[in-house]
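**Student:** Every number in the numbering used here is 114 more than the matching position in the sequence shown, counting from 1.
Using N, Cα and C, we set each Cβ at its ideal position, and we do this for glycine too.
The structure is given below, and queries will be raised subsequently.
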Amino acid sequence: MKSIKQRFWEKVDKNGPNGCWIWIGTKSGGYGYFRSTKMTLVHRYSWELHNGPIPIGLVIGHKEFCRNKGCINPDHLICYTPQENNSESDGIYFIRRNKTHCPLGHEYSEANTKFYRNKRHCRTCIKMHNDFYNKIKKIIKME
Ligand SMILES: [Zn+2]
Ligand SMILES: [Zn+2]
Numbered sequence: 115m116k117s118i119k120q121r122f123w124e125k126v127d128k129n130g131p132n133g134c135w136i137w138i139g140t141k142s143g144g145y146g147y148f149r150s151t152k153m154t155l156v157h158r159y160s161w162e163l164h165n166g167p168i169p170i171g172l173v174i175g176h177k178e179f180c181r182n183k184g185c186i187n188p189d190h191l192i193c194y195t196p197q198e199n200n201s202e203s204d205g206i207y208f209i210r211r212n213k214t215h216c217p218l219g220h221e222y223s224e225a226n227t228k229f230y231r232n233k234r235h236c237r238t239c240i241k242m243h244n245d246f247y248n249k250i251k252k253i254i255k256m257e
């Protein structure tokens with residue numbers, strides 16, 4: 115009987131372009147998933163393997179230079195709050211916190227910025243986040 119980790123690494127090609135580790139197993143909407151103890155998205159699984167459990171309320175995305183939904187290289191993954199947030203306690207999860215770009219590196223241009231409760235939100239991230247959770251819902255339904 116193969117372990118969950120063995121089954122996971124068998125489906126990873128570490129020779130992808132850009133240093134990406136490409137999931138070659140089953141995908142939905144570009145995101146890889148597999149069955150561990152339950153249906154699991156592989157980039158989240160990979161992040162947890164290397165960093166421990168994902169803090170509640172935070173999501174795992176792909177960094178700007180990668181943007182490959184099928185990539186599970188932990189160096190290409192970023193844990194972030196889905197919305198820009200002014201509180202300092204969130205700061206440790208941000209790779210960069212300058213005023214011109216969101217945590218994932220999308221520019222706060224006029225078209226890309228949404229003001230909500232006096233805070234800036236990145237429209238690209240909101241869309242990515244919504245798409246992502248719609249995909250998860252579909253995957254969970256497939257069980
Ligand atoms: Zn990558
Ligand atoms: Zn963004």
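Just to confirm the assignment, what range does the alpha helix (DSSP H) spanning L218 have?
**Tutor:** Residue 218 sits at position 104 when you count from the first residue of the sequence shown. Unbroken run through L218: none, as it is neither H nor E.
**Student:** Look at the alpha carbon of E202 and the alpha carbon of K116, and state the distance between them as a whole number of angstroms.
**Tutor:** Indexing the sequence shown from 1 puts residue 202 at position 88. Indexing the sequence shown from 1 puts residue 116 at position 2. Here E202 scores only 40 on pLDDT, less than 50, and its place in the model should not be relied on; the value that follows carries that caveat. The alpha-carbon atoms of E202 and K116 are separated by roughly 43 Å.
**Student:** Secondary structure at W123, three-state DSSP: helix, strand or coil?
**Tutor:** On the sequence shown, residue 123 is found 9 positions in, with the first residue counted as 1. In this structure, W123 counts as helix in the three-state DSSP scheme.
**Student:** Using a threshold of 6 Å, is the CB atom of L218 nearer than that to any non-hydrogen atom of ligand 2?
**Tutor:** Within the sequence shown, residue 218 is the residue found at index 104, counting from 1. Flag set: Cβ of L218 near ligand 2.
**Student:** Could you please go through the chain and list the residues whose beta-carbon is closer than 6 Å to any non-hydrogen atom of ligand 1?
**Tutor:** Here the residues come out as N132, C134, C180, N182, C185, N187 and H190.
**Student:** Rounding to the nearest angstrom, what Cα-Cα distance links H235 and T227 in this structure?
**Tutor:** Against the sequence shown, residue 235 aligns to sequence position 121. Against the sequence shown, residue 227 aligns to sequence position 113. Between H235 and T227, the C-alpha separation is close to 6 Å.
**Student:** Can you give the Cα-Cα distance for C185 and A225, rounded to whole angstroms?
**Tutor:** For the purposes of this step, residue 185 is identified with residue 71 of the sequence shown, where counting begins at 1. For the purposes of this step, residue 225 is identified with residue 111 of the sequence shown, where counting begins at 1. C-alpha separation (whole angstroms): 28 Å.
**Student:** Helix or strand or just coil, what does DSSP make of S117?
**Tutor:** Here the question's residue 117 lines up with position 3 in the sequence shown. Of the three classes helix, strand and coil, the one that applies to S117 here is coil, per DSSP.
**Student:** At which residue ranges does the segment 152-193 contain complete alpha helix (DSSP H) runs of 4 or more residues, listed in the order of the chain?
**Tutor:** With a minimum length of 4 residues, the continuous alpha helix (DSSP H) runs that stay inside the segment 152-193 are 156-165.
**Student:** What are the partner residues of K233, as DSSP defines its beta bridges?
**Tutor:** Taking the first residue of the sequence shown as 1, we reach residue 233 at position 119. DSSP, once it has assigned bridges, lists Y230 as partnering K233.
**Student:** Check whether the Cβ of C193 lies closer than 6 Å to any heavy atom of ligand 2, and answer yes or no.
**Tutor:** The residue you call residue 193 lines up with position 79 of the sequence shown. Result no, Cβ not under 6 Å from ligand 2.
**Student:** Are S150 and I192 touching if we call contact CB-CB under 7 Å?
**Tutor:** In the sequence shown, counting from the first residue as 1, residue 150 sits at position 36. In the sequence shown, counting from the first residue as 1, residue 192 sits at position 78. Not closer than 7 Å, so no.
**Student:** Quick one, which of I250, K251, K125 and K252 has its alpha-carbon nearest N187's?
**Tutor:** To locate residue 187, count along the sequence shown from 1; it is residue 73. For N187, the nearest C-alpha among the options comes from K125.
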